[in-house]
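All the letters of the sequence shown, read from the start, carry residue numbers 8 to 146 under my numbering.
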Amino acid sequence: MLTLEEIRAHFRRHDPVSSSLGIEVLDMGREYSLVEMPPHGCQLNGMGAVHDGAVFVLADVAFAALSNANGLYCTNAQTSISFVRSGRVGPLRGEARVLRSGKLLSTYEVRVTDAEGGLVAVATITGYGVGARLPLGDA
8 MLTLEEIRAH FRRHDPVSSS LGIEVLDMGR EYSLVEMPPH GCQLNGMGAV
58 HDGAVFVLAD VAFAALSNAN GLYCTNAQTS ISFVRSGRVG PLRGEARVLR
108 SGKLLSTYEV RVTDAEGGLV AVATITGYGV GARLPLGDA
């Protein structure tokens, strides 16, 4: 399993979308990851809430941090996401957990919450294990 610093370094070097949104991996383990995104201008919609697209990216990064922790690429094959309420109080956090781990397909649940602990979104994500190693050095 990769260390927290290796996962953080991978995202900094190879995931410009998460970097541009300010998403940071806070914690991870074998069946858990926690990421955080501070809301700022480019993420907000016309009503002043975090855009659902940014919430989706946060959920996807939480999934990616957990599903790639073994050092092998796992891609998002399918996502079902329910937006429960607007993300207005930041930072937002995405917490991913493994529901089922298979050889090629695995299923994860990601819960996105606001700074007050209110539920913003719930996603169920199916990951496909590609088998290719993550590039851990400089790109």
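Every residue gets a Cβ at the ideal spot worked out from N, C-alpha and C, and that includes glycine.
By the DSSP assignment, the beta strand (DSSP E) with aspartate 59 in it spans what residues?
Premise fails: aspartate 59 lies in the alpha helix (DSSP H), 59-74, not in any beta strand (DSSP E).
Tell me whether glycine 60 is buried or exposed, calling it buried when 16 or more other Cβ atoms sit within 10 Å of its Cβ.
Result: exposed.
Would you list the residues sitting across from arginine 104 in a DSSP beta bridge?
Its beta-bridge partners are Tyr39, Glu116.
Hey, out of Leu143, Ile132, Val127, whose CA is closest to alanine 56's CA?
Residue Val127 is the option with its Cα nearest to alanine 56.
State buried or exposed for glycine 138, treating a residue as buried only when at least 16 other CB atoms are found within 10 Å of its CB.
Counting Cβ neighbours within 10 Å, glycine 138 comes out exposed, since fewer than 16 surround it.
Buried or exposed: arginine 100, going by 16 or more other Cβ atoms within 10 Å of its Cβ?
So arginine 100 ends up on the buried side.
Note the first and the last residue of the continuous alpha helix (DSSP H) segment covering alanine 56.
Run containing alanine 56: none; DSSP gives neither H nor E here.
Expressed to the nearest angstrom, what Euclidean distance is found between the alpha-carbon atoms of valine 64 and glutamate 31?
When rounded, the distance between both Cα atoms is 12 Å.
Within 10 angstroms of the Cβ of leucine 106, are there 16 or more other Cβ atoms? Answer buried if so, exposed if not.
Exposed: under 16 other Cβ atoms inside 10 Å.
Note the first and the last residue of the continuous alpha helix (DSSP H) segment covering leucine 79.
Note, leucine 79: premise wrong, no alpha helix (DSSP H); beta strand (DSSP E) at 79-90.
On the three-state DSSP scale, how would you describe glutamate 31?
Strand at glutamate 31.
Between alanine 69 and serine 40, how many whole angstroms is the CB-CB distance? I'm expecting something under 8 Å.
Confirmed, Cβ separation roughly 5 Å.
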